[in-house]
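One structure is given below, encoded as structure tokens.
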Amino acid sequence: MKEIMDFANRFDARISLDTCSIVTKQGRYFLVSERLKPLIRKDFFYAGAYLGKVKNRIFFPSFILLSMIAKGKANKIVVDDKSAWLFIVGRDIFRRGIVKVTGLKRRGYYTLILNRHNECLGFGRILRNLDEAVDRNEVVVRNIADIGDFLRREKQTSRV
Amino acid sequence: MSGKEFFINRYRELGWTYREVELKPSIRINTVNAKPEEVLARLESQGVRLERIPFAENGFWVERSRFSIGATAEYLLGLYSIQETAAQIPATVFSDLADKRVLDACAAPGGKTVQLADLMSNSGAIMALDVDKRRLPALANQLERCRVKNAVVYHMDARDTSRLGISFDRVLLDVPCSGNYVTDRAWFGRRTLRDVERNAGVQRQILAEAVKVVKPEGEIVYSTCSLEPEENELNMDWAVKNLGVEIEGISCYGENGLTNVFGRELDDSIGKCRRIWPEKTQGFFVCKLRKKP
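These protein sequence lines are chains A and B, in that order. Heads up, the first sequence is in numbering that gives the first Met the number 0, so the first residue is 0 and it goes up one at a time. Heads up, the second sequence is in numbering that gives the first Met the number 0, so the first residue is 0 and it goes up one at a time.
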């Protein structure tokens, strides 16, 4: 639970989660509804809304959690179509692709990356203070996780 | 008893003439995540040409696309799923799903689980089982991508469900089956009648277990992508005669179930099942059963 709150803090965001509605399994966190709770046994594989996992003391968020954070106040960058696609395939964000910045612009913070429909594509770390970066061809956000990960996972599981 | 000629002759005896079929890829919009018209507009602006499937609500055939329909931002955001046309039918056959407790007994890779969640607007609860542990990550991946919130997944054989001591309002049995030649080009060379009969036996065990866990007057939807009557009409006939269930009429694409199979007369109610011979879809069979009070 603390890992999730700490993670949200890195976006200068607050997220309210009912502790009683969170179940864990092997370092993975799931948010479950009251209707789902009676069906939860200790040997479940997946349940409710997956929030993320802790591995080697590092928290890896799910894309459901990122979307939840994106709904509230948080560091967000809206990017143009081309940058959105490049981000999904694992690329970083250039200054020239940014359409709008919300929240903190300081180097070192995490920021959510949204497309022009305000859908969360993933997140990254701000590499330069965004109000200082003037070179349009400069990388300003390092990609940490993007929804293209679903395709990479599909490729991995299809190899099994 | 195997080979292309053997099976084609069987189909002829059942009243259908074999033909080659090329399937169009199809998608289904996840309406919990997006409005269909918005998704269509977004895909069409990328040069994807879609055609509405007349018998599948929120289903569309992909007529043309310059890129893989499984590699768009809209797909990765869970706005739609890639789902074969006939496979979109079973989940829609239930009479009412909102806020119900639903068992998806053979769930991986999860296309129908996601569809159930969509039809339920993420209300109620779905228990999704699969016997093959290696297929569970793909199922979980689908649930996360489509932002499903009302499902719990277990590695479990559907034949063991009653051990949980849980009863369900609805049960989806998209049972493991022999498949068909449309989606498996090597099908005729790989399948024998013995395979079909073995699968039919497993399907009966799953059916019997489903009847144990469904509430009185609860609904079971049974489906296969097999053309073989042993896995379809004959199993339904056995269920009606042995499990305390009755078949309900459904309104969906397909023909009436066969009531005479190779000279054997079946219960009249088997005609209420739907048999889908390959044409616009792969081969398929779907039936709705209700447990007697």
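Cβ coordinates follow ideal geometry from the N, Cα and C atoms, glycine included. Because the structure is a prediction, the values reported are computed rather than measured.
Residue-level contact to chain D via CB, residue i, 8 angstroms cutoff
| i | result |
| --- | --- |
| A/Phe122 | Given the protein chain composition of this structure (A and B), no chain D is represented. |
Environment of residue i [buried if 16+ CB atoms lie within 10 Å]
| i | result |
| --- | --- |
| A/Met4 | exposed |
| A/Ile57 | exposed |
| A/Arg141 | exposed |
| B/Phe5 | exposed |
| A/Arg40 | exposed |
| B/Met126 | buried |
| B/Phe283 | buried |
| B/Ala97 | exposed |
| B/Pro108 | buried |
| B/Gly243 | exposed |
| A/Glu118 | buried |
Beta carbon proximity, residue i to chain B, threshold 8 angstroms
| i | result |
| --- | --- |
| A/Gly161 | Absent from the model: residue 161 of chain A. The displayed extent of chain A is 0 to 159, so no value can be given. |
| A/Gly51 | no |
| A/Ile14 | no |
| A/Phe43 | yes |
| A/Asn114 | yes |
| A/Arg152 | yes |
| A/Gly47 | yes |
| A/Ala83 | yes |
| A/Ser118 | In the sequence under discussion, the amino acid at residue 118 of chain A is Glu, which differs from the Ser named in the question. Yes, because at least one Cβ of chain B sits closer than 8 angstroms to the Cβ of A/Glu118. |
| A/Ala32 | Reading the sequence as shown, one finds Ser at residue 32 of chain A and not Ala. Yes, A/Ser32 counts as interfacial toward chain B. |
| A/Ser20 | no |
| A/Phe62 | yes |
| A/Leu35 | yes |
| A/Leu111 | no |
Proximity test, Cβ basis, 8 angstroms: residue i and chain A
| i | result |
| --- | --- |
| B/Glu143 | yes |
| B/Ala55 | no |
| B/Asn149 | yes |
| B/Arg146 | yes |
| B/Tyr180 | no |
| B/Ile165 | yes |
Endpoints, beta strand (DSSP E) assigned at residue i
| i | result |
| --- | --- |
| A/Tyr49 | Ala48 to Lys54 |
| B/Glu12 | Not the beta strand (DSSP E): B/Glu12 falls in the alpha helix (DSSP H), residues Lys3 to Glu12. |
| B/Glu50 | Arg48 to Arg51 |
Extent of the continuous alpha helix (DSSP H) to which residue i belongs
| i | result |
| --- | --- |
| B/Lys214 | Note, B/Lys214: premise wrong, no alpha helix (DSSP H); beta strand (DSSP E) at Val213 to Thr223. |
| B/Arg189 | Trp186 to Arg189 |
| B/Val38 | Pro35 to Glu43 |
| B/Arg144 | Leu135 to Arg144 |
| B/Glu227 | No alpha helix (DSSP H) holds B/Glu227; DSSP gives it neither H nor E. |
| B/Tyr74 | Ala72 to Leu75 |
| A/Lys1 | Lys1 to Asn8 |
Next on the checklist: Check whether the stretch 255-265 of chain B and the stretch 226-233 of chain B touch, using three or more Cβ-Cβ pairs below 8 angstroms as the test.
Outcome noted: Yes, the stretch 255-265 of chain B touches the stretch 226-233 of chain B.
Item to check | In chain order, each beta strand (DSSP E) run of at least 3 residues that lies wholly inside the stretch 93-129 of chain B | outcome: Counting whole runs of 3 or more residues, the stretch 93-129 of chain B contains the beta strand (DSSP E) stretches 100-103 and 124-129.
Checklist entry - Is the stretch 171-180 of chain B in contact with the stretch 84-102 of chain B, if contact means three or more CB pairs nearer than 8 angstroms? => result Here the stretch 171-180 of chain B lies against the stretch 84-102 of chain B, with 3 or more beta-carbon pairs under 8 angstroms apart.
Item to check | Uninterrupted alpha helix (DSSP H) stretches inside the stretch 16-46 of chain A (no shorter than 4 residues) | outcome: Whole alpha helix (DSSP H) segments, 4+ residues: zero.
Checklist entry - Quick check: the stretch 273-285 of chain B against the stretch 106-125 of chain B, are there 3 or more CB pairs under 8 angstroms? => result No: the two stretches stay apart, fewer than three of their Cβ pairs being nearer than 8 angstroms.
Checklist entry - Can you list, in chain order, the stretches of the beta strand (DSSP E) that have 3 or more residues and sit fully within the stretch 147-201 of chain B? => result At a cut-off of 3 residues, the continuous stretches assigned as beta strand (DSSP E) that sit fully inside the stretch 147-201 of chain B are 150-154 and 167-173.
Checklist entry - Are there three or more Cβ pairs, one per stretch, closer than 8 angstroms when the stretch 103-111 of chain A is compared with the stretch 42-50 of chain A? => result Verdict: no, contact absent.
Checklist entry - Can you find at least 3 beta carbon pairs, one from the stretch 110-129 of chain A and one from the stretch 87-95 of chain A, that sit closer than 8 angstroms? => result Taking 8 angstroms as the limit for Cβ pairs, the verdict is that the stretch 87-95 of chain A does touch the stretch 110-129 of chain A.
Checklist entry - Are there three or more Cβ pairs, one per stretch, closer than 8 angstroms when the stretch 230-244 of chain B is compared with the stretch 188-205 of chain B? => result Result yes; three or more Cβ-Cβ pairs closer than 8 angstroms.
Checklist entry - At what residue ranges does the stretch 62-87 of chain A contain a whole run of the beta strand (DSSP E), taking only runs of 3 or more? => result As for any beta strand (DSSP E) of minimum length 3 sitting wholly inside the stretch 62-87 of chain A, the runs are 75-78, ordered along the chain.
Checklist entry - At a cut of 8 angstroms, does the stretch 60-80 of chain B reach the stretch 37-48 of chain B through at least three beta carbon pairs? => result Note that the stretch 60-80 of chain B touches the stretch 37-48 of chain B; at least 3 beta-carbon pairs, one per stretch, sit closer than 8 angstroms.
Checklist entry - With contact counted as at least three CB pairs below 8 angstroms, one residue from each stretch, are the stretch 141-158 of chain B and the stretch 26-41 of chain A in contact? => result Yes: at least three Cβ pairs fall under 8 angstroms.
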